[in-house]
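Each remark here refers to the structure printed beneath this line.
Right under this line is the structure:
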């Protein structure tokens, strides 16, 4: 079963729009410090607009310099317009078509589809958590439609895409980390330091610290959206703290 990234982008973006319609303008998003829900939605719109403009290009395009939205109608209009441009661009180009990205490799539409789907999914969870901070995390995950398959893909995408940024911010912890998704076959990874680089492999192996639980919660922990308390921790708490510090580097 493959992931329909365009469908995921559409559902998550429209989910953000619906939340904006029923929440106060000034609602703060704790997992995106300094941002209101409107700020978050405007950020997503700008990211999607820029991604749409990158389709078919070998060089980057300048970021938009729009002023902050002044009304709910403007927030919604910007969001739906950017979504329409992005999905239309994706649907008209094959996955192998050229599309610039900042990593310097895999400059394709397929790469960008995946990145945009994971980006907006995490931000929908941000918004849901902000609107219901005392809510049951599993219920919020369900509302955000973070399936085990999407979460497994998201964890792998995180380490593939952001390893460079993480390494630029700090040294890889010397302790080994095991992530074990208990609800999806193959959702297991061993992450270690390999002479200053990140080494990531699939499989089960005893490590200095292991996190076990729903794959969606492992994804959200990786992105700093949920605390370790949502997962089963096996091994060294000190080792886990070192990984949390490292992963928050981006």
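In this note's numbering, the protein residues as written are 2 to 251.
Even glycine gets a Cβ: it sits at the ideal position worked out from N, Cα and C.
As the structure is a prediction and not an experimental result, all values here were calculated from the model.
Beta-carbon gap between residue 199 and residue 191 smaller than 9 Å: no
Span separating the alpha-carbon of residue 203 from that of residue 180: 9 Å
Extent of the continuous beta strand (DSSP E) to which residue 195 belongs: 189-195
Beta strand (DSSP E) segment containing residue 201, residue limits: 198-203
Same chain, Cβ closer than 8 Å to residue 162, five either side skipped, listed in chain order: 104, 116
Given residue 49 as reference, the closest of 75, 95, 157, 7 once Cα atoms are compared: 7
Proximal residues to residue 86 (C-beta, below 6 Å), its chain only, five neighbours per side dropped: 53
Close Cβ partners of residue 94 (< 8 Å) along its chain, the five nearest in sequence each way excluded: 56, 57, 100, 110
Residue 76 versus 123, 14, 63, residue with shortest Cα-Cα distance: 14
Proximity below 9 Å, CB of residue 217 to CB of residue 152: yes
Opening and closing residue of the beta strand (DSSP E) in which residue 213 lies: 210-214
Assigned secondary structure, residue 234 (DSSP; H/G/I helix, E/B strand, else coil): strand
Rounded C-alpha distance that separates residue 206 from residue 183: 15 Å
Residue ranges of each alpha helix (DSSP H) within the region 32-65, 4 or longer: 38-55
Residue 3 versus residue 63 - alpha carbon distance: 33 Å
Through-space distance from residue 174 to residue 246, alpha-carbon basis: 9 Å
DSSP-derived helix/strand/coil call for residue 176: coil
Spatial neighbours of residue 158 in its chain, beta-carbon cut-off 8 Å, leaving aside the 5 residues before and after: 115, 116, 119
Sequence-distant residues of its chain with Cβ nearer than 7 Å to residue 90 (five each side left out): 53, 56
When 172, 46, 227, 241 are compared against residue 83, the one with the closest alpha-carbon: 46
Residue closest to residue 22, alpha-carbon to alpha-carbon, out of 39, 34, 29, 30: 39
Terminal residues of the alpha helix (DSSP H) in which residue 69 lies: Run containing residue 69: none; DSSP gives neither H nor E here.
Pick from 127, 211, 12, 138 that is closest to residue 31, judged by C-alpha positions: 127
Inter-residue Cα distance where the pair is residue 125 and residue 17: 6 Å
Reduced DSSP secondary structure (H/G/I, E/B, other) of residue 111: helix
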